[in-house]
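Visitor: Here the sequence shown stands for residues 1123 to 1441, numbered as in this note's numbering. A single structure is presented below for examination.
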Amino acid sequence: TEHIAQMIRIIEQLIVAGHAYSADGHVLFDVSSKADYGKLSRRSLDEMLAGARVEVAPYKKNPMDFVLWKPSEAALPGWDSPWGRGRPGWHIECSAMAGEYLGETFDIHGGGIDLQFPHHENEIAQSEGAHHGHPLATVWMHNGFLQVEGEKMSKSLGNFFTIRDLLADWPGEVLRFNMLRTHYRQPIDFTVAGLKESWKMLERWYEVTEPLVDPAPDAAFFEALADDLNTPAAIASLHQADDLALAGGLGFLGFSNVQMKIANKTEVDTVAIADAIAARNAARKAKNFAESDRIRDDLLAKGIVLKDGPGGTTWEVKR
């Protein structure tokens, strides 16, 4: 509502350019005025008309013409305009705010696949019509839907959660890695099994790559990302990469084991583990190997893996 003036200005520009017309208090975009209408969703106007099943308003020149401005009844929100008191259509606010803050053309426009048509298609028509044909965005990216254990996420099914909810149980890098294992255009099925697998994979890779310096991804990794940001293929290439390329790929994607180390340490009683390791060391020094093995096995049963090395005993959480 803070950008009504910008919306009205774009609508006026569209009328002057011959892309819009007013009728019965409405202002509509004339889709026949834009020869490439439908280019984003790869639909022709004839195909859209053939698929139309709704009753066409009598004030429309074309059944596919969409509302830029419509009258408001007294009980509904409305603003004064050159066409009378009314309110904006569904799509015009995005064109107005994008133009105000990002300029006539910006780099990347994203959104759910359900917004590709008609919302983004109409957004393109409005913005390009008002800005002398300059493209609204250079790249369009539409993501698939999010599912939970094979079902659509919804409050009615009781499987709705927020990022904050997930972060209470999972490190952020595990959540992000799990999502990157699915191509952004495909539906993501969020499962506990998938999260556990992602956690184990990251832990295994971190163990290999942590001591390495000057890592660099290999060509296969970059080729996958250059192919419509194919993150699943890029991650798959890391399974075949040497340790340096693996470390480079993880670093390029912004992964480090800091969050997982914090998560591992905060989930367990670190003081109790330190005491157990000290008791085990004392048992080993006394050559009481049965007691040493018992302490190790007790910790393992609690998910704590001990590793003996030249610098002493370290531990990690087993997933």
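We put the CB at the ideal spot given by N, CA and C, even for glycine.
Using CA coordinates, which residue listed in Lys1156, Val1335 and Thr1123 is at the minimum distance from Leu1136?
Guide: Taking only the C-alpha atoms, the option nearest Leu1136 is Lys1156.
Visitor: Gly1251 lies in the alpha helix (DSSP H); which residues open and close that run?
Guide: Glu1243 to Ala1252 is the span of the alpha helix (DSSP H), which, as asked, contains Gly1251.
Visitor: Which stretch, first to last residue, makes up the alpha helix (DSSP H) that contains Met1367?
Guide: For the record, residue 1367 in the displayed sequence is Ala; it is not Met. Segment Asp1365 to Phe1374, the alpha helix (DSSP H) holding Ala1367.
Visitor: According to DSSP, is Lys1322 part of a helix, a strand, or is it coil?
Guide: DSSP places Lys1322 in helix when its eight states are reduced to three.
Visitor: Out of curiosity, what's the CA-to-CA distance linking Tyr1306 and Arg1418?
Guide: If I take the Cα positions, the gap works out to 43 Å.
Visitor: Please look up how many angstroms separate the CB atoms of Lys1183 and His1148, rounded, as I've assumed it's under 8 Å.
Guide: The pair is not a contact, with the Cβ atoms about 11 Å apart (cut-off 8 Å).
Visitor: Going by alpha carbons, who is nearest to Leu1351 out of Lys1440, Leu1366, Gln1308 and Glu1332?
Guide: The shortest Cα separation from Leu1351 among Lys1440, Leu1366, Gln1308 and Glu1332 belongs to Gln1308.
Visitor: Quick one: using the 10 Å Cβ neighbour count with 16 as the cut-off for buried, is Glu1245 buried or exposed?
Guide: It counts as buried.
Visitor: May I ask you to report which of helix, strand or coil DSSP gives Arg1416?
Guide: DSSP places Arg1416 in helix when its eight states are reduced to three.
Visitor: I need the straight-line Cα distance from Ile1235 to Phe1188, nearest angstrom please.
Guide: Rounded to whole angstroms, Ile1235 to Phe1188 spans 20 Å at the Cα level.
Visitor: Would you report the Cα separation of Leu1190 and Trp1212, rounded to the nearest angstrom?
Guide: Their Cα atoms are separated by approximately 8 Å.
Visitor: Quick one: Cα of His1125 to Cα of Gly1206, how far?
Guide: Going from the Cα of His1125 to the Cα of Gly1206 covers about 17 Å.
Visitor: In the DSSP assignment, find the alpha helix (DSSP H) that holds Gly1221 and state where it starts and stops.
Guide: Unbroken alpha helix (DSSP H) run through Gly1221: Ile1214 to Leu1224.
Visitor: Is it true that the CB of Ala1259 sits closer than 8 Å to the CB of His1231?
Guide: In this structure, Ala1259 lies closer than 8 Å to His1231 by Cβ.
Visitor: Pick out whichever of Phe1344, Pro1293 and Gly1425 has its Cα sitting closest to the Cα of Asp1391.
Guide: If we check each option's Cα against that of Asp1391, Gly1425 comes out closest.
Visitor: Could you tell me which residues DSSP puts in a beta bridge with Ala1145?
Guide: Ala1145 pairs with His1148.
Visitor: Pull up the distance between the alpha-carbon of Asp1146 and that of Tyr1181, whole angstroms please.
Guide: Rounded to whole angstroms, Asp1146 to Tyr1181 spans 7 Å at the Cα level.
Visitor: To which residues of the same chain is Ile1130 closer than 6 Å at the C-beta, ignoring the five residues directly before and after it?
Guide: Contacts found: Ser1203.
Visitor: Leaving out the 5 sequence neighbours to the left and right, which residues in its chain are closer than 6 Å to Ala1252 when beta-carbon positions are compared?
Guide: Contacts found: Ile1132, Gln1135 and Leu1136.
Visitor: Could you check the C-alpha separation between Ala1142 and Ile1214 for me, to the nearest Å?
Guide: So the alpha carbons of these two residues sit roughly 12 Å apart.
Visitor: Are there 16 or more other CB atoms within 10 angstroms of the CB of Leu1452, so buried, or fewer, so exposed?
Guide: Since the displayed the chain opens at 1123 and closes at 1441, residue 1452 lies outside it and no answer follows.
Visitor: Report all residues from its chain with a CB closer than 6 Å to the CB of Lys1144; omit the five preceding and five following residues, and keep chain order.
Guide: The question names Lys, but residue 1144 in the sequence shown is Ser. Result list for Ser1144: Trp1205, in chain order.
Visitor: Within 10 angstroms of its Cβ, does Val1314 collect 16 or more other Cβ (buried), or is it exposed?
Guide: Result: exposed.
Visitor: Would you decide whether Thr1331 is buried or exposed? Buried here means 16 or more other CB atoms lie within 10 Å of its CB.
Guide: With 16 or more Cβ atoms within 10 Å of its Cβ, Thr1331 is classed as buried.
Visitor: Which class does Glu1273 belong to by DSSP, given the choice of helix, strand or coil?
Guide: Strand at Glu1273.
Visitor: Pull up the DSSP beta-bridge partners for Arg1209, would you.
Guide: Answer is Lys1192, bridged to Arg1209.
Visitor: When DSSP labels each residue in this structure, what does Asp1291 get in the three-state scheme?
Guide: In this structure, Asp1291 counts as coil in the three-state DSSP scheme.
Visitor: Under 8 Å, do Leu1368 and Leu1302 count as touching if we go by C-beta distance?
Guide: Taking 8 Å as the Cβ cut-off, Leu1368 and Leu1302 do not qualify as a contacting pair.
Visitor: According to DSSP, is Glu1438 part of a helix, a strand, or is it coil?
Guide: The answer is strand: DSSP assigns Glu1438 an E or B state.
Visitor: Using the three-state DSSP reduction, which class does Phe1344 fall into: helix, strand or coil?
Guide: Reduced to three states, the DSSP call for Phe1344 is helix.
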